[in-house]
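Each remark here refers to the structure printed beneath this line.
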Amino acid sequence: MKKIVLGIILGSFFVNSGLAIATEQTSDSSSDIEIDTSAISSTLETISATINSEVETSSTVEESMTSETSVEATSDSSAVNSSDSMRTTATNTATVNSEDTMSTETNANVSADDALYQQYLNDNRRDVMSYDEYQAFTMAMSPKANLRTMSATNTQEIINRATGERKQIVAKALNYLGSGYTQVYPDRLGIKAFDCSGLTYRVYKEVLNRDIGSYTLPQESSGTQIAVKDAKPGDLLFWGNRGATYHVAIYLGNSQYIHAPNYGQTVNVSPIYWNEFPPSFALRMNLKESNTINLNDYWTTSPGKVVNLKAIDYYRSPEFSSSTRVGTYALATRLDVSGVVKNKTGVPVLKLKNGYYVMAERYWMQKFTYASMKTTKYSISTDKTTLYKNITLMTAKSNSSRGKVFNVKGKYVLENGAVIYSLYNKNNTWAGYILNKDMIPVKYTSWNKKVVITKKNYSSYKDLFFSGKKISNTSSHLNKQYTAKGYYVLGNGRKYLSLYDKNNKWYGYLNANATKTVK
């Protein structure tokens with residue numbers, strides 16, 4: 001049975017107060033204490049199991065002080081009568097005895113916040129982060145989808161964007177995709193698992209035999225500080241104030257970086273414009289680059305329409321300099337291209353229809369096409385969906401919920417095949433952009449079945465935007481029969497019936513769960 005030390009102070013509190021907490025309820029207990037373990041997310045369960053494993057292997061002294069007991073609560077605090085569970089002993093340490101795995105009963109007598117705090121106390125980053133900062137970091141580091149609209153969808157494409165030593169750094173880093181996470185030394189330096197600075201240390205040591213330091217603090221001095229927007233493949237990205245950084249990653253180019261995120265996760269690629277977790281600064285690493293121009297990295301014929309994947313400068317001449325610079329296009333500006341020219345060094349440059357010039361690198365300038373659509377209703381089919389301000393899906397506009405309905409009037413198709421819908425509310429106000437895979441069309445299915453309303457406290461609606469009610473409350477319509485001529489299924493799986501009475505009067509759209517069919 002697995003023992004988890006909660007600490008002398010916590011144990012004293014439980015013993016002195018006479019409180020007994022059971023890890024499972026017994027049939028002869030007249031008073032139960034229920035612990036809601038569902039509040040602890042699956043990510044935190046994995047994290048806790050990893051942390052506890054590392055603590056147990058290095059803390060045998062503490063473990064020897066722990067009593068191998070569990071505590072059971074009954075209505076009579078002075079006597080516990082159960083042959084199925086072990087009883088409280090008068091020690092200053094409380095332990096939890098679980099007959100299932102940690103994943104099914106994780107720290108049943110410890111709240112999610114307590115478990116996270118215990119993790120914080122054992123984390124190497126506690127010296128540079130307050131607990132509040134650590135909470136925010138852990139939330140930001142919960143599993144995130146990779147940036148799905150980038151053109152670099154496989155590792156070889158990412159590698160080919162770099163040259164020279166930068167290419168070698170990127171290739172080696174990507175070789176560790178999927179490796180686990182640990183803070184145990186020396187395991188954290190790879191090759192099977194890493195923490196963030198262990199990954200960057202390993203990559204630079206293997207490729208260049210360069211010791212950049214094995215923690216973020218010495219790594220801060222391994223290059224020249226630059227703005228994040230100026231980073232090149234192979235440069236380092238840091239999070240936190242200089243001298244107190246708590247996370248580091250290797251920039252890959254194309255607004256992506258590779259890192260070892262946190263407990264319970266593997267080495268993965270994340271977007272640089274992830275709003276909840278923006279890098280603080282970057283380091284230009286002293287890396288050799290090839291002077292050869294690879295034309296495959298540039299547009300050499302006009303792409304027609306492009307959208308920029310980072311803020312870019314535009315110029316009055318193909319010779320880019322401070323004297324020819326006119327201004328800056330914000331991230332995800334849609335640009336019309338009239339042609340491609342080369343500057344004096346032979347580098348391709350895009351000429352815009354407005355007469356200005358911008359960079360022609362393919363991984364910054366994403367080709368797209370737009371097609372208008374007949375207004376069609378779509379419903380969000382994924383949880384915790386974000387609507388975006390731009391078609392690159394880099395800047396969040398608002399959050400939406402599964403099942404919500406929007407009108408789709410047009411779509412953008414990016415160079416990599418991603419399809420982005422442009423959404424509108426019922427009143428024709430623009431709602432944002434979303435990946436088409438996150439929605440389903442709202443289709444009408446003919447049915448013509450007799451149904452009876454059987455449940456109270458439901459409403460029927462005038463439309464699937466739920467903007468107005470036809471039946472305010474089904475309590476006044478119980479046992480009444482209607483004809484469901486058809487139905488719609490929304491992205492959350494709920495079916496809405498289109499109801500008519502015997503006089504063919506329409507009564508709106510009603511959730512099918514409030515009815516039953518009759519013959």
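The letter at position 294 of the sequence shown is residue 294 when you use the UniProt record's numbering, and the numbering goes up by one with no holes. Note that CB positions come from ideal geometry on N, CA and C, so glycine has one too. Given the structure is predicted, the values throughout are model-derived calculations rather than measurements.
Anticipated Cβ contact below 8 Å, residue i with residue j, distance rounded
i: Arg325; j: Asp336; result: The pair is not a contact, with the Cβ atoms about 20 Å apart (cut-off 8 Å).
i: Tyr424; j: Leu387; result: The Cβ separation is near 11 Å, so there is no contact.
i: Met394; j: Tyr273; result: 4 Å
i: Leu283; j: Lys310; result: No, Leu283 and Lys310 are not in contact; Cβ-Cβ is about 18 Å, not under 8 Å.
i: Ile169; j: Val207; result: 6 Å
i: Thr182; j: Ile250; result: Not quite, the Cβ-Cβ distance comes to about 18 Å (not below 8 Å), so this is no contact.
i: Asp438; j: Thr375; result: Contact flag wrong, Cβ pair sits at about 19 Å.
i: Arg161; j: Asp297; result: 7 Å
Assigned secondary structure, residue i (DSSP; H/G/I helix, E/B strand, else coil)
i: Gln168; result: helix
i: Thr66; result: Residue placement at Thr66 is flagged as unreliable, the pLDDT there being 35, under the threshold of 50; the coordinate-derived value follows with that caveat. The answer is coil: DSSP assigns Thr66 none of H, G, I, E or B.
i: Lys456; result: coil
i: Arg325; result: strand
i: Thr182; result: coil
i: Gly198; result: helix
i: Ala396; result: strand
i: Ser317; result: coil
i: Ala330; result: coil
i: Gln481; result: strand
i: Phe137; result: helix
i: residue 554; result: Nothing can be reported for residue 554: it is not among the residues displayed for the chain, which extend from 1 to 519.
i: Val203; result: helix
i: Gln265; result: coil
i: Asp297; result: helix
i: Thr386; result: strand
i: Lys229; result: helix
i: Asn425; result: coil
Residue i and residue j closer than 7 Å at C-beta
i: Ala514; j: Tyr458; result: yes
i: Pro233; j: Leu252; result: yes
i: Asn479; j: Ala396; result: no
i: Ile380; j: Ser400; result: yes
i: Ile126; j: Tyr117; result: The sequence as given places Arg at residue 126; Ile does not occur at that position. Taking 7 Å as the Cβ cut-off, Arg126 and Tyr117 do not qualify as a contacting pair.
i: Lys456; j: Phe368; result: no
i: Phe281; j: Phe238; result: yes
i: Ala193; j: Gly180; result: yes
i: Thr266; j: Gly178; result: yes
i: Ile471; j: Tyr507; result: yes
i: Ile191; j: Tyr204; result: no
i: Leu189; j: Arg202; result: yes
i: Asn262; j: Met139; result: no
Same chain, Cβ closer than 8 Å to residue i, five either side skipped, listed in chain order
i: Ser317; result: Thr324, Tyr357
i: Gly243; result: Leu217, Glu220
i: Lys449; result: Thr483, Ala484, Thr517
i: Lys377; result: Val405, Phe406, Asn407, Val408, Pro441, Val442, Leu464
i: Lys411; result: Tyr370, Ala371, Met373, Val419, Ile420, Tyr421, Ser422, Asn436
i: Leu295; result: Pro348
i: Thr327; result: One detail in the question is off: residue 327 reads as Gly in this sequence, not Thr. Cβ neighbours of Gly327 beyond the five flanking positions: Asp313, Tyr314.
i: Ile159; result: Lys167, Val170, Ala171, Leu174
i: Thr301; result: Val340
Proximity to residue i [Cα-Cα], best of the options
i: Ala360; options: Val340, Tyr378, Leu464; result: Val340
i: Glu289; options: Val267, Ser321, Lys305, Thr163; result: Thr163
i: Asn416; options: Thr292, Tyr363, Ser401; result: Tyr363
i: Ile293; options: Arg334, Pro348, Leu287, Ser338; result: Pro348
i: Ser446; options: His247, Tyr488, Trp506, Asn286; result: Tyr488
i: Tyr329; options: Asn308, Gly355, Phe238; result: Asn308
i: Met365; options: Pro303, Trp506, Tyr131; result: Pro303
i: Val248; options: Ser472, Arg402, Gly198; result: Gly198
i: Leu414; options: Asn492, Gly346, Arg334; result: Arg334
i: Trp299; options: His259, Leu352, Asp123, Asn268; result: Leu352
i: Gly264; options: Asp195, Ser222, Ile212; result: Asp195
i: residue 542; options: Lys167, Asn124, Gln481; result: Not covered by the structure: residue 542. The range shown for the chain is 1 to 519.
i: Gly355; options: Ile258, Gly346, Ile391, Ser338; result: Ser338
i: Ile258; options: Tyr315, Asp235, Met129; result: Asp235
i: Gly240; options: Ser322, Tyr134, Gln256; result: Tyr134
i: Val519; options: Val451, Asn390, Asn268; result: The sequence shown places Lys at residue 519, rather than the Val named in the question. If we check each option's Cα against that of Lys519, Val451 comes out closest.
i: Thr385; options: Ser130, Ala231, Gly223, Gly491; result: Gly491
Residues near residue i in its chain [Cβ-Cβ closer than 6 Å; skip 5 each side]
i: Ser510; result: Checking the sequence shown, residue 510 turns out to be Leu, not Ser. For Leu510, where only same-chain residues beyond five positions count, the Cβ hits under 6 Å are Ser460, Leu497, Leu499.
i: Ile226; result: Ala282, Arg284
i: Asn124; result: Gln183
i: Phe277; result: Ala140
Contact set for residue i: own chain, Cβ-Cβ below 7 Å, skip 5 residues either direction
i: Tyr185; result: none
i: Arg494; result: Gly403, Asn511
i: Ala431; result: Leu387, Phe406, Leu423, Tyr424, Asn425
i: Ala145; result: Only weak support is given to the placement of Ala145: the predicted model assigns it a pLDDT of 43, under 50, and the value that follows is read from those uncertain coordinates. No residues qualify anywhere along the chain.
i: Asp501; result: Tyr482, Tyr507
i: His477; result: Ile453, Ile471
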